[in-house]
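Visitor: Heads up: the sequence shown is residues -6 to 388, going by our numbering. Built from N, CA and C at the ideal position, the CB exists for glycine as well. So that we are looking at the same thing, I have put the structure below in structure tokens.
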Amino acid sequence: SESQKEKIAHTEAEKDAKETHKTLKTITDNIEVGIAVVSGSYTVKFVNPFLAKLYDKDPSYFIDKKCHEVLKNIEKGQEDCIGTIAMKTGKRFESEMKITSGDGKERELNVIAYPIRNIEDVIVGFICQMEDITEKRLHERQISEYTKELETVNESLKEMDIKKTEFLNRVAHDLRTPLTSIKAYSELILKYKDKPAETYTKFIDIIREESNKMALLINDYLDLMRLTSGKMEYKRGPLNLPETVKQFVAMFSYHAKKNNISIVLNIPERLPILMGDSDKMNWLLNHLLTNAVKFTPSGGNITISAKVISASEAGNKRFVEVSVADTGRGIPSEWRDKIFDRFFQTDDPAIKAKGGTGLGLAIVKEIVEHHNGRVWAEASPSGGADIRFTLPVKE
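Dropping the structure here:
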């Protein structure tokens, strides 16, 4: 009969509805996206477990409460409320917001509101979908920061490459200049064999001087390459700094006196014994004092001083801080972080006129850092340069 058929159809429809409801419940209970169903009067009618977990609440807590009371940033009457916008426009609306979750941590959410229409196509509410994008945004920020770091490193490498090219051009120029002089005066000696002996002596002196310049240039370049390549051997052992400095200054004093420059020692006799390579220390002192003499006018002085840096000032190790200060022209503040760069060069004609490779301080830095110390530049009270470095005490 018709009634029997209707009854069977109704039963089948109920069964289908239950199956559909069961399927939807399984989906909403297990999906890792928050879902809320909100009426046109902004009353929460349903939330799934994932959304409730975001707020550390039971799903029943939200039911029949106004969404602006329990769901942050979805507020009735606000123009930027995603639910209001979805209902007014009849279209999905997407935004991002932050909430403080039940564990006290701030979470970032991607929120989408979809308008709900009844059978007459009238909008009667909205569905709110919340996706936790905290980890995603964290990774994006990390990638962005890492990308910026890589860009910075890339720019530094480009800058270093430019400096390296300029440096190699300078090396070629510096080597060509004395070589040209040597070649020219050698040819003059061969060409004018009948010239007086004094002329030959003068030519030979020039050749010797240019040869010495060339040897100095080559030695500095080779020394720096060995230091930076890690192929330089260090013989560490107990180092008596006062004795090492005294012995070196005794050998170097002729060079200073020739330029009418005094070297003053202000080093306590009872400094702690250091750990280091005495040969490299002499090498370091040679570069520092050669630089100081070069830029100190006649009648000036160079002061070498030292003091102990306590463990509390320098971490858990004791260091000795050494200062080589002169009464020369000083180092401009904008150069003080650059002068230890092996590729640093200045266009200052007064400095260029002094000659040299400009590698001395780069070599000093390599030696000091290999001894686990640090080196830096300050302004001397006299207005000159003050190069300081630290070396670890033998414990």
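Over the uninterrupted beta strand (DSSP E) stretch that includes N205, give me the two end residues.
Guide: For the purposes of this step, residue 205 is taken as residue 212 along the sequence shown, with counting starting at 1. N205 -> not in any beta strand (DSSP E); alpha helix (DSSP H) instead, spanning A190 to S222.
Visitor: Out of curiosity, what's the CA-to-CA distance linking K186 and A208?
Guide: Position 193 of the sequence shown, counted from the start, is the residue given in the question as residue 186. Position 215 of the sequence shown, counted from the start, is the residue given in the question as residue 208. In a straight line, the C-alpha of K186 is about 28 Å away from that of A208.
Visitor: Does the beta-carbon distance from V26 to Q122 come in below 7 Å?
Guide: Working through the sequence shown from its first residue, we reach residue 26 at position 33. Working through the sequence shown from its first residue, we reach residue 122 at position 129. In contact: V26 and Q122 (Cβ atoms closer than 7 Å).
Visitor: Report all residues from its chain with a CB closer than 6 Å to the CB of R130; omit the five preceding and five following residues, and keep chain order.
Guide: As a working note, residue 130 is residue 137 in the sequence shown. These residues qualify, in order along the chain: E101.
Visitor: Near H363, which residues of its chain fall below 7 Å by C-beta distance, leaving aside the five closest residues on each side in sequence?
Guide: If you number the sequence shown from 1, residue 363 lands on position 370. Excluding positions up to five away in sequence, the list reads Y227.
Visitor: Just curious, the alpha helix (DSSP H) that N252 is in, first and last residue?
Guide: The residue you call residue 252 lines up with position 259 of the sequence shown. Element bounds for N252: n/a, residue is neither H nor E.
Visitor: Nearest CA to the CA of I92: which residue from G83, A106, I126 and R110?
Guide: Stepping through the sequence shown from its first residue, residue 92 is reached at position 99. Per the Cα distances, I126.
Visitor: What's the gap between the Cα of I20 and the Cα of I28?
Guide: Position 27 of the sequence shown, counted from the first residue, corresponds to residue 20. Position 35 of the sequence shown, counted from the first residue, corresponds to residue 28. The straight-line gap from Cα to Cα measures roughly 11 Å.
Visitor: Taking three-plus beta-carbon pairs below 8 Å as touching, is the region 228 to 247 in contact with the region 191 to 200?
Guide: Touching, no, given that fewer than three Cβ pairs across the two stretches are closer than 8 Å.
Visitor: Identify which residue in M90, V357 and K224 has its Cα closest to the Cα of L278.
Guide: By one-based count along the sequence shown, residue 278 stands at place 285. Among M90, V357 and K224, the Cα nearest to that of L278 is on V357.
Visitor: Just to confirm before moving on: does the CB-CB distance between K387 and I266 stay below 7 Å?
Guide: Taking the first residue of the sequence shown as position 1, residue 387 is located at position 394. Taking the first residue of the sequence shown as position 1, residue 266 is located at position 273. The answer is yes: Cβ separation under 7 Å.
Visitor: Just how far apart, CA to CA, sit I380 and L217?
Guide: Along the sequence shown, read from residue 1 onward, the residue named residue 380 stands at position 387. Along the sequence shown, read from residue 1 onward, the residue named residue 217 stands at position 224. Whole-angstrom Cα-Cα distance: 19 Å.
Visitor: Would you call the CB atoms of T320 and S246 closer than 7 Å?
Guide: Residue mapping note: residue 320 aligns to position 327 of the sequence shown, counting from 1. Residue mapping note: residue 246 aligns to position 253 of the sequence shown, counting from 1. Not in contact: T320 and S246 (Cβ atoms no closer than 7 Å).
Visitor: What span of residues does the beta strand (DSSP E) with K300 cover, start to end?
Guide: What you label residue 300 is simply residue 307 of the sequence shown in a count that begins at 1. Element bounds for K300: N294 to I302.
Visitor: Do the CB positions of F39 and M80 come within less than 7 Å of each other?
Guide: Locating residue 39 in the sequence shown gives position 46, counting from the first residue. Locating residue 80 in the sequence shown gives position 87, counting from the first residue. Contact flag unset, no.
Visitor: Thinking just about the alpha-carbon of each residue, which of I324, F55 and T221 is nearest to the one in W369?
Guide: For the purposes of this step, residue 369 is taken as the residue at position 376 of the sequence shown. Per the Cα distances, I324.
Visitor: For E7 and K0, what's the separation of their Cα atoms in angstroms?
Guide: Within the sequence shown, the letter at position 14 stands for residue 7. Within the sequence shown, the letter at position 7 stands for residue 0. Answer to the nearest angstrom: the Cα atoms are 10 Å apart.
Visitor: Starting from P108, follow the beta strand (DSSP E) in both directions and report where the run begins and ends.
Guide: For the purposes of this step, residue 108 is identified with residue 115 of the sequence shown, where counting begins at 1. Unbroken beta strand (DSSP E) run through P108: E99 to R110.
Visitor: Start and end of the beta strand (DSSP E) containing G230?
Guide: Stepping through the sequence shown from its first residue, residue 230 is reached at position 237. Run containing G230: G230 to L232, per the beta strand (DSSP E) assignment.
Visitor: Beta-carbon within less than 7 Å of I67's beta-carbon, same chain only, minus the 5 sequence neighbours each way: which residues are those?
Guide: Locating residue 67 in the sequence shown gives position 74, where the first residue counts as 1. Reliability fails at I67, whose pLDDT of 49 lies under 50, so the model's placement of it is uncertain and the value that follows must be treated cautiously. Excluding positions up to five away in sequence, the list reads C60, H61, C74, I75, G76 and C121.
Visitor: If P42 and D57 are in contact, beta carbons under 8 Å, what's the gap, nearest whole angstrom?
Guide: Indexing the sequence shown from 1 puts residue 42 at position 49. Indexing the sequence shown from 1 puts residue 57 at position 64. The pair is not a contact, with the Cβ atoms about 18 Å apart (cut-off 8 Å).
Visitor: What are the start and end residues of the alpha helix (DSSP H) that includes P42?
Guide: Position 49 of the sequence shown, counted from the start, is the residue given in the question as residue 42. That run of the alpha helix (DSSP H) goes P42 to L47.
Visitor: Quick check: what's the CA-CA separation for A299 versus N275?
Guide: To locate residue 299, count along the sequence shown from 1; it is residue 306. To locate residue 275, count along the sequence shown from 1; it is residue 282. The alpha-carbon atoms of A299 and N275 are separated by roughly 16 Å.
Visitor: Based on DSSP bridge pairs, tell me the residues matched to D330.
Guide: For the purposes of this step, residue 330 is taken as residue 337 along the sequence shown, with counting starting at 1. The partner list for D330 (beta bridge, DSSP) is empty, contrary to what the question assumes.
Visitor: What separation, rounded to the nearest whole angstrom, lies between the Cα atoms of I360 and E371?
Guide: Looking up residue 360 in the sequence shown gives position 367. Looking up residue 371 in the sequence shown gives position 378. Straight-line Cα distance between these residues: approximately 19 Å.
Visitor: If we call anything under 7 Å between Cβ atoms a contact, is I260 one with V238?
Guide: By one-based count along the sequence shown, residue 260 stands at place 267. By one-based count along the sequence shown, residue 238 stands at place 245. Their beta carbons are under 7 Å apart, which means I260 touches V238 by this criterion.
Visitor: According to DSSP, simplified to helix, strand and coil, what is C60?
Guide: Numbered from 1 along the sequence shown, position 67 holds the residue referred to as residue 60. Of the three classes helix, strand and coil, the one that applies to C60 here is helix, per DSSP.
Visitor: Would you kindly report the start and end of the unbroken beta strand (DSSP E) that includes T289?
Guide: Position 296 of the sequence shown, counting from 1, holds the residue named residue 289. Counting along the chain, T289 falls outside any beta strand (DSSP E), and DSSP gives it neither H nor E.
Visitor: Classify I24 as helix, strand or coil using the three-state DSSP reduction.
Guide: Locating residue 24 in the sequence shown gives position 31, counting from the first residue. In this structure, I24 counts as coil in the three-state DSSP scheme.
Visitor: Helix, strand or coil: how does DSSP classify G353 here?
Guide: Indexing the sequence shown from 1 puts residue 353 at position 360. Helix.
Visitor: Taking the continuous alpha helix (DSSP H) assigned at M268, which residues delimit it?
Guide: In the sequence shown, residue 268 corresponds to position 275, counting from 1. From DSSP, M268 is part of no alpha helix (DSSP H) but of the beta strand (DSSP E) over L267 to G269.
Visitor: Have a look at E138, M268 and L282 and flag the residue whose alpha-carbon is nearest the alpha-carbon of G366.
Guide: Here residue 366 refers to the residue found at position 373 when the sequence shown is read from its first residue. It is M268 whose Cα lies nearest to the Cα of G366.
Visitor: Short of 8 Å in beta carbon distance, which residues of its chain neighbour I24, apart from the five on each side in sequence? Order them along the chain.
Guide: The residue you call residue 24 lines up with position 31 of the sequence shown. Contacts found: N41 and F43.
Visitor: So, helix, strand or coil for M80, using DSSP?
Guide: In the sequence shown, the residue the question calls residue 80 occupies position 87. Three-state result, M80: helix.
Visitor: Look at the alpha carbon of R263 and the alpha carbon of L354, and state the distance between them as a whole number of angstroms.
Guide: Locating residue 263 in the sequence shown gives position 270, where the first residue counts as 1. Locating residue 354 in the sequence shown gives position 361, where the first residue counts as 1. Roughly 28 Å separates the two Cα atoms.
Visitor: State the CB to CB distance for the pair E314 and T383, rounded to an integer number of angstroms; the pair is presumed to be in contact (CB under 8 Å).
Guide: Stepping through the sequence shown from its first residue, residue 314 is reached at position 321. Stepping through the sequence shown from its first residue, residue 383 is reached at position 390. Between T383 and E314 the Cβ distance is about 5 Å, and since that is below 8 Å, they are a contact.
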